[in-house]
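Undergrad: Following the numbering used here, the numbering of the sequence shown begins with 163 at its first residue and continues without gaps.
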Amino acid sequence: MRHNKKFNHLGRTASHRKSMLANMAISLIMHKRITTTLAKAKALKTYVEPLITRSKEDTTNSRRVVFSYLQNKEALKELFGTVSAKVGDRPGGYTRIIKLGTRKGDAAPIAFIELVDFDENMAKTETKKKSTRRSRKSTKAEAPVAEAPAAEETAAVEEAPKAE
């Protein structure tokens, strides 16, 4: 029975899984978006989000704890610098997984995982002006008013060539 065994082992030994997730976390922090299988992306999400939460508090202890997971000074600088500055006010949910379909060779489900605040396309969501509902009575009243000036303009255009 598999009671209380929640995380995916990804078909790897513990040491291989730990180093693979650390390498993927470094790549995600440095490049802000990586493409991988869906299972690895979900495993990476649970691995990297606590590290990002830890980076919001820039203390020596939190740097040491995160460094024990990542073992990469450049990624640590990036995480505690630009990444923590952008996610400082966000209460969680720092990553987004978007499914891309299946891989051609083995039909494995592919997805990309990205840091939420660094995607320019998703950040540019334009807020549309909320249209208010109007009753039919007011629409019918506006329609003849809108048509009347158009009729006058066409009449003026028709009369202009005759005057010449």
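Backbone N, C-alpha and C define an ideal beta-carbon position, used for all residues, glycine too.
Computed from a predicted model, the values in this text were never measured in an experiment.
#1: Taking the C-alpha atoms as reference points, what is the distance between residue 180 and residue 163?
#2: Does the distance from the CB of residue 241 to the CB of residue 213 come in under 9 Å?
#3: Put residue 212 into one of helix, strand or coil per three-state DSSP.
#4: Rounding to the nearest angstrom, what Cα-Cα distance links residue 295 and residue 273 in this structure?
#5: For residue 236, which of 299, 190, 283 and 169 has the nearest alpha-carbon?
#6: Could you name the residues that DSSP lists as bridge partners for residue 173?
#7: Given 8 Å as the limit, is there contact between the segment 253 to 263 and the segment 223 to 236, that is, 3 or more CB pairs closer than that?
#8: What residue does the beta strand (DSSP E) around residue 195 start on, and which one ends it?
TA: Inspection of the coordinates gives the following:
#1: The alpha-carbon atoms of residue 180 and residue 163 are separated by roughly 24 Å.
#2: Yes, these two residues count as a Cβ contact at 9 Å.
#3: Of the three classes helix, strand and coil, the one that applies to residue 212 here is helix, per DSSP.
#4: For the pair residue 295 and residue 273, the Cα-to-Cα distance works out to about 40 Å.
#5: Nearest of 299, 190, 283 and 169 to residue 236, Cα basis: 190.
#6: Residue 173 is not bridged to any residue.
#7: The segment 253 to 263 is not in contact with the segment 223 to 236.
#8: Run containing residue 195: 195 to 199, per the beta strand (DSSP E) assignment.
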